[in-house]
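Trainee: As they're listed, the protein sequences go chains A and B.
For the first sequence, the numbering used here assigns the number 1 to the initial residue and increments by one for each residue that follows.
For the second sequence, the numbering used here assigns the number 1001 to the initial residue and increments by one for each residue that follows.
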Amino acid sequence: MDFTPSSIPMRVAAATKTITGCSTPHSRRHITMAAAALTAVLLLSGCGGGPASQGTENAAAADPASAANASGNLNICGGKDASGIYRGTAAAFTKENPGITAKFTEIGATTDEARTQAVQRLEGKSTECDIFLLDVIWTSEFASQGWLLDQTKLVEANKDRLIPSTLETTKFEDKYWGSPFFTNAGLIYYSKNRVSRPETWTQLYADAAKAPGNGYVYQGKQYEGLTVNFLELLYSAGGEVLDEKGEVKVDSPETRKVLDFMAEGLEKGSADRAVLTYNEDATRLAYESGDYGYERNWPHVYRLLNATKLAGTFDVAPLPSFDGSSKASGVLGGWNLGISVHSTNPGAAVSFINFATTPEWQKHVAIDFSQAPVNEAAYSDPVVLAKMPFAKELLASVKGAKPRPVSPVYPQISQAIHKNVYAVLSGTVGTDEAVKKMAEEIKTAKASF
Amino acid sequence: MTLKTLSPGPRPAGDVRSKRRTSLGRSGLKASGTNVRDRAERRLAVRMTAPSLILMALVAAVPIGYALWLSLNQYSVRTAGLSRFVGLDNYSSALASHEWWAAFGQTFLFAGLSVSLELVLGTAMALLLNLAFKGRALLRTVVLLPYAIVTVVSAITWETMFQPNLGLVTNVLSALGLPGGDVAWLGEQGYAMAVIVLADVWKTTPFAALLILAGLQVISAETYEAAELDGAGKWQTFVHITLPLLRPAIVLAAIFRTMDALRVFDLPFVLTRGANGTESMSMLAYSQLRENRLIGEGSALSILTFLTVMAVSIVYIRFAGGNIREVAKEDQ
Chain A
1 MDFTPSSIPM RVAAATKTIT GCSTPHSRRH ITMAAAALTA VLLLSGCGGG PASQGTENAA
61 AADPASAANA SGNLNICGGK DASGIYRGTA AAFTKENPGI TAKFTEIGAT TDEARTQAVQ
121 RLEGKSTECD IFLLDVIWTS EFASQGWLLD QTKLVEANKD RLIPSTLETT KFEDKYWGSP
181 FFTNAGLIYY SKNRVSRPET WTQLYADAAK APGNGYVYQG KQYEGLTVNF LELLYSAGGE
241 VLDEKGEVKV DSPETRKVLD FMAEGLEKGS ADRAVLTYNE DATRLAYESG DYGYERNWPH
301 VYRLLNATKL AGTFDVAPLP SFDGSSKASG VLGGWNLGIS VHSTNPGAAV SFINFATTPE
361 WQKHVAIDFS QAPVNEAAYS DPVVLAKMPF AKELLASVKG AKPRPVSPVY PQISQAIHKN
421 VYAVLSGTVG TDEAVKKMAE EIKTAKASF
Chain B
1001 MTLKTLSPGP RPAGDVRSKR RTSLGRSGLK ASGTNVRDRA ERRLAVRMTA PSLILMALVA
1061 AVPIGYALWL SLNQYSVRTA GLSRFVGLDN YSSALASHEW WAAFGQTFLF AGLSVSLELV
1121 LGTAMALLLN LAFKGRALLR TVVLLPYAIV TVVSAITWET MFQPNLGLVT NVLSALGLPG
1181 GDVAWLGEQG YAMAVIVLAD VWKTTPFAAL LILAGLQVIS AETYEAAELD GAGKWQTFVH
1241 ITLPLLRPAI VLAAIFRTMD ALRVFDLPFV LTRGANGTES MSMLAYSQLR ENRLIGEGSA
1301 LSILTFLTVM AVSIVYIRFA GGNIREVAKE DQ
């Protein structure tokens, strides 16, 4: 978009080679010289998919019809398979499609490590992985780099069975770059004997301040979790970070209102200052001590909480609206399935995605692996309800939730958010200054080369 | 090396000098005739050291050179493989940023606090370990335990211990009726840095102690006997004999510890993620390089960190060198 004319040959060369998956030996420094020759070679050999101007325009697309005759091996790469869903789905898929052997390869023990490993493989044009498990916040970054096959046609074909909000996390520059596999959304756990069900955030904070044992615990440490906790409140209050055109809209009355609200909550005792050091796990442990009334956490906490002495004392609610005047909202988590542009078996990958998103398999996603399905019908299935009694609340949270700002520079945007929100909560910077700085930093991030 | 040549007895400095005279000079007196042999010797020296010099160049200079090259470019986060040469832009924007100077100040604050505490406590620990008592060998091994624990693991332990209402430290404080039991230690400006310094002191004091202990052991018993004969008391002996003779060992420990402390990463990364005035230079470089994939900007920050650490060690070595000569003079 903002490239100087002299860089165009380089860009064409880079884009062409990324999209076609044809690797040609050359060094980065000689890329300009190689550009013309490379393009010619690619066109002559029939390897090229036509000249591309940008990572996402003219990107190669996954063909829904290619699944029909697919066979061979399929490798799915992702982070640690804690719930067993990756291996489980691969095994079930292989059983149903004897022509294809799907297997899961763990490429990193943590989410960060998995991202680093995926980036390294994609930069190195490795053909090892056909499908990458993508954290919802990586999708736009990977798409802009030209690392993923365009899945728009595939998503259009499967649209009826997917919850619309989950699709938004795979959308970038009007195309879909992945298919949602399982989703995630925040929930409020509350002690039903001490505090009332949260209908609005203002009511939750007021109740939490009423008695010492009513306090609210959430993720307030300076990291991605704080970005999520802040955005949940901001979205519920009708605010946004980027608008549909990608313009920075964070310097708004809503942002100020939410920041003041959170800071006041700490001052007036709705939340303990201890939350400034809490990640998900510390939040859970604090709530398990029995000294708090409300907890914001992910669905997996339900099972853990039921294994403590607090079993039976708590209930689950979807994230509330801010003060009743706006719609309840939240932030989506979860994982998408992206097809690598270097995949040697995209047909099998399409077939796997079709299988993983079927309403039937989505029930297993909840029943066998305790993950949140991306198919709405699954949430009302009796077996799912028996396994996940809070399915109705979870569905409400998922349907109301929105993706985090969709941008290839999301990590920088998130940093701008959690650093400045933290500064306000810890009392080192005033709201107005922090909001202006946040907007400024996000603008700078968006202007990244 | 400095320890060996310096510490034992009153004449080591003289030894160093006479040795230097013989090795360099042999020729000094005989003048021009031996110049040829001198040159031949020098050529031999170059040939003998060449393999290790080349190896060092490959191991150290190549990666540094590569990082330097990366830092002069910008790499697109939007389009794979796209880059442009920007000269020193990455440096000027880093040096103009508030983040860099904040991290710079915080890193030096951390290094200053932790290294001075470690040297004081390390000296005390070394003096205790130097006493003759039963089970001394075992104790010397045991005190090294904190140093043997992976920093990230110990950081996670410290994080849990300082968790308000749940942690060991906060619970003990509450039980004793002391203030601080309900403080979010890692969530407050000042306290957070204190915990990080504490965690570092706990972990690396044994290392400083061991270096200083080595220095203690080469101070000869005769020196102490002489002091005793002259009627020096315990304190006088410590101030006028032990400390001056220990100085090279302490300086060495200070160099090692300062260089480490200026590169601190794991403690603040685990404990605070850089919140509450604890972001270090290395953390800033990491977040640009890995989290944000701003390879050029991140490399510039790494190079700046590297230059800072190098500058500090040069100052130290100069100071230490002067110190060594001074000690030698006193000895004569």
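Backbone N, C-alpha and C fix where the C-beta goes; we use that ideal spot for every residue, glycine too.
Given the structure is predicted, the values throughout are model-derived calculations rather than measurements.
Beta-carbon within less than 8 angstroms of Lys-1203/B's beta-carbon, same chain only, minus the 5 sequence neighbours each way: which residues are those?
Mentor: Pro-1146, Tyr-1147, Ile-1149, Thr-1151 and Ser-1154
Trainee: Just list the alpha helix (DSSP H) runs in the segment 1141 to 1216 of chain B, keeping only unbroken ones of 4 residues or longer that don't cross its boundaries, in chain order.
Mentor: The segment 1141 to 1216 of chain B contains these whole alpha helix (DSSP H) runs: 1145 to 1148, 1151 to 1161 and 1168 to 1175.
Trainee: Out of Leu-285/A, Val-384/A and Ser-83/A, which one is the CA nearest neighbour of Thr-308/A?
Mentor: Leu-285/A
Trainee: Tell me, which residues are paired with Ile-1250/B by DSSP?
Mentor: Paired residues: none, contrary to the question.
Trainee: Can you confirm whether Ala-1155/B, when its beta carbon is compared against all beta carbons of chain A, has any partner nearer than 8 angstroms?
Mentor: No, its Cβ sits nowhere closer than 8 angstroms to a Cβ of chain A.
Trainee: Is there a Cβ from chain A that is less than 8 angstroms from the Cβ of Pro-1164/B?
Mentor: Taking CB atoms only, Pro-1164/B has a neighbour in chain A less than 8 angstroms away.
Trainee: Using 8 angstroms as the threshold, is the segment 123 to 134 of chain A in touch with the segment 286 to 296 of chain A, meaning 3 or more CB pairs across them?
Mentor: no
Trainee: Rounded to whole angstroms, what is the Cα-Cα separation between Ser-126/A and Arg-1047/B?
Mentor: 43 angstroms
Trainee: Of all the residues that make up the segment 1291 to 1312 of chain B, which are near chain A by a beta-carbon distance shorter than 8 angstroms?
Mentor: Glu-1291, Asn-1292, Arg-1293 and Leu-1294
Trainee: Can you tell me where the beta strand (DSSP E) holding Trp-335/A begins and where it ends?
Mentor: 330 to 339
Trainee: What are the residues of the segment 1126 to 1142 of chain B that lie near chain A, defined by any Cβ-Cβ distance shorter than 7 angstroms?
Mentor: none
Trainee: Using a Cβ cut-off of 8 angstroms, pull out every chain B residue sitting near Val-241/A, in sequence order please.
Mentor: In chain order: nothing, as chain B lies at least about 17 angstroms away.
Trainee: Name the chain D residues whose beta carbon is nearer than 7 angstroms to that of Asn-1276/B?
Mentor: In the structure shown, chain D does not exist; the protein chains are A and B.
Trainee: Is Val-301/A close to chain B? Criterion is C-beta to C-beta, closer than 8 angstroms.
Mentor: no
Trainee: Pairing CB atoms from the segment 1180 to 1192 of chain B with CB atoms from the segment 272 to 291 of chain A, are three or more of them under 8 angstroms?
Mentor: Here the segment 1180 to 1192 of chain B makes contact with the segment 272 to 291 of chain A; the two share three or more CB pairs at distances below 8 angstroms.
Trainee: Applying a beta-carbon distance threshold of less than 9 angstroms, which residues of chain A neighbour Thr-1272/B?
Mentor: Lys-221, Gln-222 and Thr-277
Trainee: Where does the unbroken alpha helix (DSSP H) through Arg-222/A begin, and where does it stop?
Mentor: Rather than Arg, the amino acid found at residue 222/A in this sequence is Gln. Segment: none, Gln-222/A is in no alpha helix (DSSP H) and carries neither H nor E.
Trainee: Name the chain B residues whose beta carbon is nearer than 9 angstroms to that of Gln-117/A?
Mentor: Here the premise fails: no neighbours, minimum Cβ distance about 12 angstroms.
Trainee: Inspect the beta-carbon positions of Thr-1160/B and Gly-1167/B and report whether they are closer than 8 angstroms.
Mentor: yes
Trainee: Using a Cβ cut-off of 8 angstroms (strictly closer), state whether Ala-37/A contacts chain B.
Mentor: Bear in mind that the predicted position of Ala-37/A carries a pLDDT of just 38, short of 50, making it unreliable; the figure below should be weighed with that in mind. Taking Cβ atoms only, chain B never reaches closer than 8 angstroms to Ala-37/A, which makes this a no.
Trainee: If you follow the beta strand (DSSP E) that Tyr-379/A is part of, which residue opens it and which one closes it?
Mentor: Note, Tyr-379/A: premise wrong, no beta strand (DSSP E); not H, not E.
Trainee: Would you mind sorting Tyr-1066/B into buried or exposed? The rule is 16 or more other CB atoms within 10 Å of its CB.
Mentor: exposed
Trainee: If Arg-390/A sits next to Val-331/A, beta carbons under 8 angstroms apart, how far is it from one beta carbon to the other, in whole angstroms?
Mentor: The residue you asked about is not Arg; residue 390/A is Phe in the sequence shown. With 8 angstroms as the limit, Phe-390/A and Val-331/A do not qualify as a contact, their Cβ atoms being about 18 angstroms apart.
Trainee: Measuring alpha carbon to alpha carbon, tell me which of Leu-1109/B, Leu-1262/B, Met-1259/B and Thr-1223/B ends up nearest Ala-1194/B.
Mentor: Leu-1109/B
Trainee: For Ala-1126/B, which residues in the same chain have their Cβ closer than 7 angstroms to its Cβ, ignoring the five residues on either side in sequence?
Mentor: Ala-1209, Ile-1212, Leu-1213 and Leu-1216
Trainee: Would you call Trp-201/A buried or exposed, if buried means 16 or more other Cβ atoms sit within 10 Å of its Cβ?
Mentor: Per the 10 Å Cβ criterion, buried.
Trainee: I think Glu-280/A touches Gln-219/A, with their Cβ atoms under 8 angstroms apart; what is that distance to the nearest whole Å?
Mentor: In this structure Glu-280/A touches Gln-219/A by the C-beta definition: roughly 6 angstroms separates them, less than 8 angstroms.
Trainee: With a threshold of 8 angstroms, are at least 3 pairs of Cβ atoms found where one atom belongs to the segment 355 to 371 of chain A and the other to the segment 82 to 94 of chain A?
Mentor: yes
Trainee: Can you find a C-beta in chain B that's less than 8 angstroms from the C-beta of Ala-233/A?
Mentor: Before going further, note that residue 233/A is Leu rather than Ala in the sequence given. Cβ-Cβ to chain B under 8 angstroms: no for Leu-233/A.
Trainee: For the alpha helix (DSSP H) holding Lys-1234/B, just list the boundary residues, first then last.
Mentor: 1234 to 1237
Trainee: Distance, Cα to Cα, Leu-1138/B vs Ser-1220/B?
Mentor: 24 angstroms
Trainee: Touch check for the segment 347 to 362 of chain A and the segment 93 to 106 of chain A: three-plus C-beta pairs under 8 angstroms?
Mentor: yes
Trainee: Is there a C-beta anywhere in chain A that falls below 8 angstroms from the one on Gln-1106/B?
Mentor: Output row for Gln-1106/B: interface = no.
Trainee: Given a threshold of 16 other Cβ atoms within 10 Å of its Cβ, counted over all protein chains shown, does Pro-253/A qualify as buried or as exposed?
Mentor: exposed
Trainee: I need the straight-line Cα distance from Arg-1318/B to Thr-444/A, nearest angstrom please.
Mentor: 42 angstroms
Trainee: Taking C-beta pairs closer than 8 angstroms, name the residues in chain B that Tyr-422/A reaches, listed in chain order.
Mentor: Ala-1275
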